[in-house]
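Colleague: Below is the structure I would like to discuss, written out as structure tokens.
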Amino acid sequence: MFKKILIANRGEIALRVVRACREMGIRSVAVYSEADRTSLHVLHADEAYHIGPSAPSESYLSIQNILTAARACGADALHPGYGFLSENPNLARACLQAGIKFIGPPPDSMEIMGSKTRARQQMEEAGVPCVPGTSRALESRLQAEELAEKFGYPVMLKAAAGGGGKGMRLVHDEAALAPALDASRSEALRAFGDDEVYLEKAILNPRHIEMQVLADEHGNCVYLGERECSIQRRHQKVLEESPSPAATPELRRKMGEVAVQAARAARYTNAGTVEFLVDGSKNFFFLEMNTRLQVEHPVTEFVTGLDLVQLQIRIAAGERLPFSQEDISMRGHAIECRIYAEDPENNYFPSPGQITALVEPSGPGIRLDSGVYVGCTVPMEYDPLLAKLIAYGETREQAIGRMRRALQEYFIAGVKTNLMLFRDILPDADFLAGHIDTGYLARLATRSKLQSLADPSPADQSPAGPSSPAQREIAAIAAGLFAALESQNRNGSVEKPVIHANCDHSNWKNTARTEALD
1 MFKKILIANR GEIALRVVRA CREMGIRSVA VYSEADRTSL HVLHADEAYH IGPSAPSESY
61 LSIQNILTAA RACGADALHP GYGFLSENPN LARACLQAGI KFIGPPPDSM EIMGSKTRAR
121 QQMEEAGVPC VPGTSRALES RLQAEELAEK FGYPVMLKAA AGGGGKGMRL VHDEAALAPA
181 LDASRSEALR AFGDDEVYLE KAILNPRHIE MQVLADEHGN CVYLGERECS IQRRHQKVLE
241 ESPSPAATPE LRRKMGEVAV QAARAARYTN AGTVEFLVDG SKNFFFLEMN TRLQVEHPVT
301 EFVTGLDLVQ LQIRIAAGER LPFSQEDISM RGHAIECRIY AEDPENNYFP SPGQITALVE
361 PSGPGIRLDS GVYVGCTVPM EYDPLLAKLI AYGETREQAI GRMRRALQEY FIAGVKTNLM
421 LFRDILPDAD FLAGHIDTGY LARLATRSKL QSLADPSPAD QSPAGPSSPA QREIAAIAAG
481 LFAALESQNR NGSVEKPVIH ANCDHSNWKN TARTEALD
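Given below as structure tokens:
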């Protein structure tokens, strides 16, 4: 087993890996940019190394800086988390050359699945069902027009090297195709340094369902059940649950077997996720494979009882999977809400700033993977994900009830958040009935706007203040918290964070770093 793991990431996922290492008796090493000098993952890790300025290109996206830190601390393995370099085969290859174990798939597997067109080619050869479309990049506008006519409108343009909705355009007719192609190529070039774009037949408002797979280095591969990820904004997931309200045992088995088939075709090892689009007739099509741990992995951990991060580490250390497909079962229901520093009422615009007050939920069936604390600054340079709130119940109804209660307890001040978005989703009739797809959030927003215009609430009409029980409770919590903070400030009792950030564990250097925060 590894003795020391460097975590090439930040925020809540870096802290999640730190905790897994601590439970396994492995020393953890954090890396941080200038903006993250006092972040939680730095404070909790056994060691921490500064890797550059706040700009991601000069810190978290610098393979050279990360490998320099890994060599300096003597790490024998590296966990990439998700985002940043987690799906970059060049990092995996650099680790291999440096004699540092990359906790993830081999670089060749990452390259196969990293290119959407190459992945389609590989999946078609393996007999995996794919959305009708091209398996190679478009060469010209004329070719795009001919293929769109062949498949029939609407069609979807996608960046070959893309992800996260960048370079993606839905085209409803021929007149919109040429400008959409230019825009897609331009955005793909800016985001990925590659302007290759391919075309697919658009499946309107499908479900987005993904299947978690694990594969060890001894030829064993299993699936761990599905996650429903249809609630999205701008092709980015915001709420996930497991199991899917739409999945039958038969659909789960078929999708799982195809996911394992896809992983084997890519010669995949470690944790990965095969994503599918599912139409109204429950036909499913391969979308892509994410060659890393997913943001939403906690819902799978809840329903299977497995620790995916520890399994990642054990697989990378050469251990066999400790179970077979027949040993895996799903029990209960889990829901995850991604808590972002953003403003849903202003097109989800990011909201960086300092967190001035924080009340975090707890209680039965609640897990919070958070990367923030009172007084910390949410930087503008990175993804605005603050935390992941997960609720578990024996049934979907119980999980929803616990999530609604937890959302009422949750309070964040200093930055705008999307907490109110989830407070709108959870009681919605369509969500409660499981009638969701990738167009759900847009429909909910339209309904909410129309209802607020037709029937303003008393709180909107009166200057008297919050009127609902939930609003009054939040206001009371906020008032109490601000009073406590004011009292602490007057008494001078606010403690400075202790930073464990030196390879030689020098108390002298620790003190110097802490004083530098004054």
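Sequential numbering of the sequence shown, starting at 1, is according to my numbering. Idealized CB from N, CA, C, for every residue including glycine. Remember, predicted model here, so these are calculated numbers, not experimental data.
Out of I231, D343 and T248, point me to the one whose CA is closest to I335's CA.
Modeller: I231
Colleague: Tell me the rounded alpha-carbon separation between H505 and A14.
Modeller: Unreliable placement is indicated for H505, whose pLDDT of 43 sits below 50; the coordinate value is still reported in the next sentence. Distance between H505 and A14, taken at the CA atoms: about 21 Å.
Colleague: List the endpoints of the continuous beta strand (DSSP E) containing L61.
Modeller: Neither: L61 is in no beta strand (DSSP E) and is coded neither H nor E.
Colleague: Please classify D369 as buried or exposed, where buried requires at least 16 neighbouring CB atoms within 10 angstroms.
Modeller: buried
Colleague: Is the separation between the beta-carbon of G434 and that of P245 shorter than 8 Å?
Modeller: yes
Colleague: Considering only their Cβ atoms, is the gap separating R16 from Y60 smaller than 8 Å?
Modeller: Note that the C-beta distance between Y60 and R16 is not below 8 Å.
Colleague: Candidates G162, V238 and G114: which alpha carbon is nearest S186's?
Modeller: Comparing Cα-Cα distances from S186 to each of G162, V238 and G114, the minimum goes to G162.
Colleague: Can you tell me which of the three DSSP states E124 falls into?
Modeller: helix
Colleague: Can you give the Cα-Cα distance for A265 and E111, rounded to whole angstroms?
Modeller: Approximately 13 Å between the Cα atoms of the pair.
Colleague: Can you pull the DSSP bridge partners for L78?
Modeller: L6 and F102
Colleague: Let me know the secondary structure DSSP gives V372 once reduced to three states.
Modeller: DSSP places V372 in the coil class of the three-state scheme, outside both helix and strand.
Colleague: For E228, which residues does DSSP report across the bridge?
Modeller: I209 and E241
Colleague: Tell me the DSSP secondary structure of Y392 in three-state form.
Modeller: Y392 falls in the strand class under three-state DSSP.
Colleague: Using a Cβ-Cβ cut-off of 6 Å (strictly less than) and excluding sequence neighbours within five positions of C21, which residues of its own chain qualify?
Modeller: I5 and S28
Colleague: On the CB-based measure, 16 or more other CB atoms within 10 Å of its CB, does K3 come out buried or exposed?
Modeller: exposed
Colleague: State the Cα-Cα distance for the pair L522 and V197, rounded to the nearest angstrom.
Modeller: The chain is shown from 1 up to 518; residue 522 falls before or after that span and cannot be answered.
Colleague: Grouping DSSP H, G and I as helix and E and B as strand, with all else coil, what is M289?
Modeller: Correct three-state label for M289: strand.
Colleague: Per DSSP, what kind of secondary structure is F323 in: helix, strand or coil?
Modeller: coil
Colleague: Here's the rule I'm using: 16 or more other beta-carbon atoms within 10 Å means buried, otherwise exposed. How should H297 be labelled?
Modeller: buried
Colleague: Tell me the residue span of the alpha helix (DSSP H) that contains M420.
Modeller: Per DSSP, the unbroken alpha helix (DSSP H) holding M420 starts and ends at L419 to I425.
Colleague: Quick check on the burial criterion: 16 or more other C-beta atoms within 10 angstroms. Buried or exposed for N88?
Modeller: Answer is buried; the Cβ neighbour count reaches 16.
Colleague: Could you pull the start and end residues of the beta strand (DSSP E) that T273 belongs to?
Modeller: N270 to V278
Colleague: DSSP state of L15, grouped into three classes?
Modeller: If DSSP states are grouped into helix, strand and coil, L15 belongs with the helices.
Colleague: Could you pull out every residue in the same chain whose Cβ sits closer than 7 Å to the Cβ of S115, ignoring the five residues on either side in sequence?
Modeller: A160 and A161
Colleague: Using three-state DSSP, classify L385 as helix, strand or coil.
Modeller: Under the three-state reduction of DSSP output, L385 falls in the strand class.
Colleague: Please list the terminal residues of the continuous alpha helix (DSSP H) segment that includes V299.
Modeller: H297 to T304
Colleague: Opposite E336 in the DSSP bridges: which residues?
Modeller: E240 and I390
Colleague: Below 8 Å, can you find three or more Cβ-Cβ pairs linking the segment 283-299 to the segment 224-242?
Modeller: yes
Colleague: On the three-pair Cβ rule with 8 Å, is the segment 132-141 touching the segment 91-110?
Modeller: no
Colleague: Quick check: the segment 353-369 against the segment 377-388, are at least 3 beta-carbon pairs closer than 8 Å?
Modeller: yes
Colleague: Taking P53 as the reference, give the member of Q408, I412 and Y382 with the closest Cα.
Modeller: Nearest C-alpha to P53: Y382.
Colleague: Could you tell me the boundaries of the alpha helix (DSSP H) in which F192 lies?
Modeller: E174 to F192
Colleague: Evaluate D327 with the Cβ neighbour count: other Cβ atoms within 10 Å of its Cβ, from every protein chain shown; 16 or more gives buried, anything less gives exposed.
Modeller: exposed
Colleague: Cutting at 8 Å between CB atoms, please list the residues of its own chain near E342, excluding the five before and the five after it.
Modeller: Here E342 has Y348, F349, P350, S351, P384, K416, T417 and N418 as same chain residues with Cβ atoms under 8 Å from its own Cβ, once five neighbours each way along the sequence are excluded.
Colleague: If we count the other Cβ atoms within 10 Å of its Cβ and call it buried at 16 or more, is L308 buried or exposed?
Modeller: buried
Colleague: With contact counted as at least three CB pairs below 8 Å, one residue from each stretch, are the segment 59-75 and the segment 276-283 in contact?
Modeller: no
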